[in-house]
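Residue numbers (full-length UniProt numbering): 1 to 139. Structure first, commentary second.
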């Protein structure tokens, strides 16, 4: 079995879990902070995330626990093994006194995928910044 690595990014948001959950599961909101998509919050639903960089991610909803947890595959086919990725993204929401703690884990990076791993780490931090901006201006 091949050893894999995970990117984990965590952040406290000053908003209730209900608002974060909407931003994680409504396609028009996902597009504002993550990527264009055809997401549906249904286990087994296959969808694509389309990046501004031209890439398309093949995804499938694996688990949904409303306002608590969401997981889906995050697969990117590429000729170069350093970028050919089969991973799972899991969002975990935990209410806090000041809002909601959001943890994202993207699991499945091989040890040879250092650039993809680093890109994912930086990318999730940027996505969380956009998510915070979105939550601040929406209800």
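Where is the CB? At the ideal position from N, CA and C, for every residue including glycine. This structure is a prediction, so every number in the text was calculated from the model and none was measured.
- Between the beta-carbon of residue 140 and the beta-carbon of residue 108, is there less than 9 Å? With the chain covering only 1 through 139, there is no way to say anything about residue 140.
- Query: Just reading off the beta strand (DSSP E) that residue 178 is part of, what are its end residues?
  - Reply: With the chain covering 1 to 139 only, the question about residue 178 has no answer from this structure.
- Among 4, 18, 19 and 38, which one has its Cα closest to the Cα of residue 27? 38
- Item | Option nearest residue 125 by Cα separation, candidates 57, 105 and 25 | 105
- Query: If we ignore side chains and look at the alpha-carbon of each, how far apart do residue 58 and residue 3 end up?
  - Reply: 22 Å
- Query: When DSSP builds the beta bridges, which residues end up paired with residue 99?
  - Reply: 96
- Would you call the segment 6-20 and the segment 40-53 touching, i.e. three or more CB-CB distances under 8 Å? no
- Query: Taking buried to mean at least 16 other C-beta atoms within 10 Å of its own C-beta, is residue 71 buried or exposed?
  - Reply: buried
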